[in-house]
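K.L.:
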Amino acid sequence: MFPSVLPTPRNQPVASIPSLRWGIIGPGWIAERFVKSLKEQSRQRILAVASRSQEKADRFAATWGIPSAYGDVNDMLARDDLDAIYVATPHNHHFPDGCQVLRADKHVLIEKPFALNAREGVALQELAQLHGKLAMEAMWCDYLPKYDVIRQLLEDGVLGDVHTLLADHGEFFTPDHRIFNADLAGGPMMDLGSYLVSFSVLIGGAPQDIIARGEPAPGGINGQTSMLFTHDNGLHSVLNTTLFSNTPGGAVVAGRDATLTIDGQFYAPGHFSLTASQGGKTLHWEEPLTRYTQLFHQAEHFAWCVGQGVNDSTIRPLSQVLTTLKAMDEVRRQMGVVFNEER
Ligand SMILES: NC(=O)c1ccc[n+]([C@@H]2O[C@H](COP(=O)([O-])OP(=O)(O)OC[C@H]3O[C@@H](n4cnc5c(N)ncnc54)[C@H](OP(=O)(O)O)[C@@H]3O)[C@@H](O)[C@H]2O)c1
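The numbering of the sequence shown is full-length UniProt numbering, which starts it at 1 and goes up by one.
1. Taking just the CA atoms, how far does A48 sit from D263?
2. Any heavy atom of ligand 1 inside 7 Å of the beta-carbon of G132?
3. To the nearest angstrom, report how far apart G157 and Q54 are at their CA atoms.
4. Taking N320 as the reference, which of G249, S200, W304 has the closest Cα?
5. Please list the segments of the alpha helix (DSSP H) lying wholly inside the region 117-196, counting only runs of 4 or more residues, in order along the chain.
6. What is the DSSP secondary structure of residue 345, reduced to helix, strand or coil?
7. Could you tell me the distance, in whole angstroms, from the CA atom of A78 to the CA atom of A50?
8. So the alpha helix (DSSP H) P96 belongs to, where does it begin and stop?
9. Going by CA-CA distance only, name the one from P188, D183, L184, A303 that's closest to M335.
10. Assign Q224 to one of three DSSP states: helix, strand, or coil.
11. Just to confirm, are F180 and G219 a CB contact at a threshold of 8 Å?
12. Does the beta-carbon of H297, which I'm using as the reference point, lie nearer than 7 Å to any heavy atom of ligand 1?
13. Which value, in whole angstroms, describes the spacing of the CA atoms of A226 and D329?
14. Spell out a yes or no on whether the region 240-258 and the region 166-176 are touching, meaning 3 or more CB-CB pairs, one atom from each, closer than 8 Å.
15. Tell me the residue span of the beta strand (DSSP E) that contains N311.
16. Based on Cα-Cα distance, which residue from S68, L116, S42 lies nearest to V14?
17. Quick one: what does DSSP say A115 is sitting in, helix, strand or coil?
18. Would you mind giving the Cβ-Cβ distance between K106 and D83, rounded to the nearest angstrom? I have them listed as a contact below 8 Å.
19. Measuring only the C-alpha atoms, how far is G23 from S277?
20. Please name the residue, chosen from D183, R256, P175, N233, that lies closest to A217 on a Cα-to-Cα basis.
21. Here's the rule I'm using: 16 or more other beta-carbon atoms within 10 Å means buried, otherwise exposed. How should T323 be labelled?
22. Considering only the alpha carbon of each residue, which of F2, V101, T89, A118 lies closest to A327?
23. Kindly list the residues whose CB is nearer than 6 Å to the CB of V337, restricted to its own chain and excluding five residues on each side of it in sequence; keep chain order.
24. DSSP on A88, reduced to helix/strand/coil?
25. May I ask which residues mark the beginning and end of the beta strand (DSSP E) holding R21?
26. State yes or no: is the C-beta of P90 nearer than 7 Å to some heavy atom of ligand 1?
27. Can you tell me whether M190 is buried or exposed, with buried defined as 16 or more other CB within 10 angstroms of its CB?
28. Sorry if obvious, but does the Cβ on I112 come closer than 7 Å to a heavy atom of ligand 1?
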């Protein structure tokens, strides 16, 4: 039945979220935003940062008021007063960095995608189990209040049988960006495409069948990917990602009883509307387009899991992460995209 109001986002009580002691590997673009959000919006403590360069680590630490800076990640990981490490390095470093953190007996939050492929993802999962540590993917959108409302609408069956997901995520990048670098697992799939595939898995579960077509970019990488997934429940996901152009970035999830229309970039904080299939009744989710200020939600969920002694996220379990990676593996297989690490 169509609801009279949207569900309320479910938050863990602040008292159940421990204030963890964090270290960071990879003080780049996203790490800056992560630190800013945590400092402004949470009680999480960032105590250390490690870079490949001592000078860069020092600069980052000075800018953000982080007490310790390391030019060698091993020195940071040798500390026994850090609870968790945030890995914010390029895609092909997530697996080796994640393994190193787990071997140092620390919980790890790894930027998306969790790993380059499902094989690496499973190995990380096994290592986390071996060490009894939490390994979680920083697919930040999944931990946002907006996504929690969407999840509740799906769980409550408000949309009825869901038949169609349309979503795109295209962004213009200049050729000097790491996304064009084949040695850093470039191409849109790992960066932008991971949001799309992950959202499709959230809505429809593992795809049953995948059709993918790609368009190359200079430098031996893929530049654009279009995907059609069919799912057991009858859902068709039609997805496009490109690094050549800006696209609207919205998503439509169409069910028999209601349609969800997510404006702007579907994965970021912002508006959506839910419209009944008959009668046109519409509910609106409104929030400021605060974007990266909401990165702290993933860290707070992570800390809550650690506090509860839960070694797999209850919001985004690794089974879901691995399903997403498997689908991305198949998309790349059909396009003939192989990363250096896989040769
Ligand atoms: N959640 C989001 O919205 C979001 C947004 C953007 C990116 N991301 C994800 O975050 C990760 C990092 O992206 P970013 O845009 O922050 O990248 P970035 O600005 O290039 O930062 C990556 C950092 O990793 C370190 N690094 C280690 N090995 C490297 C290598 N071989 N080449 C280059 N850098 C290396 C670098 O720090 P040192 O030089 O100091 O070692 C660098 O500052 C990616 O996996 C991406 O998908 C997430």
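All C-beta atoms in this analysis are idealised placements derived from N, C-alpha and C, irrespective of residue type, glycine included. Small disclaimer: the values here were computed from a predicted structure and weren't measured.
P.N.:
Taking the coordinates as given:
1. 37 Å
2. no
3. 52 Å
4. It should be pointed out that residue 320 corresponds to Gln in this sequence rather than to Asn. Considering only alpha carbons, the answer is S200.
5. 118-131, 145-155
6. Nothing can be reported for residue 345, as the shown portion of the chain is limited to 1 through 343.
7. 12 Å
8. 91-103
9. P188
10. strand
11. In this structure, F180 places its C-beta atom within 8 Å of the C-beta atom of G219.
12. H297: no, Cβ never under 7 Å from ligand 1.
13. Here residue 226 is Ser; the residue named in the question, Ala, does not match the sequence. The alpha-carbon atoms of S226 and D329 are separated by roughly 14 Å.
14. yes
15. Where N311 is concerned, there is no enclosing beta strand (DSSP E), given that its DSSP letter is neither H nor E.
16. With distances taken between Cα atoms, V14 lies closest to S42.
17. If DSSP states are grouped into helix, strand and coil, A115 belongs with coil.
18. About 7 Å separates the beta carbons of K106 and D83, which is inside the 8 Å limit, making them a contact pair.
19. 48 Å
20. P175
21. buried
22. A118
23. For V337, where only same-chain residues beyond five positions count, the Cβ hits under 6 Å are N222.
24. Three-state result, A88: coil.
25. 21-25 is the span of the beta strand (DSSP E), which, as asked, contains R21.
26. Judged by the Cβ position, P90 qualifies as a neighbour of ligand 1 at the 7 Å threshold, a heavy atom of the ligand being closer than this.
27. buried
28. The sequence given here has Lys at residue 112, not Ile. Result yes, Cβ under 7 Å from ligand 1.
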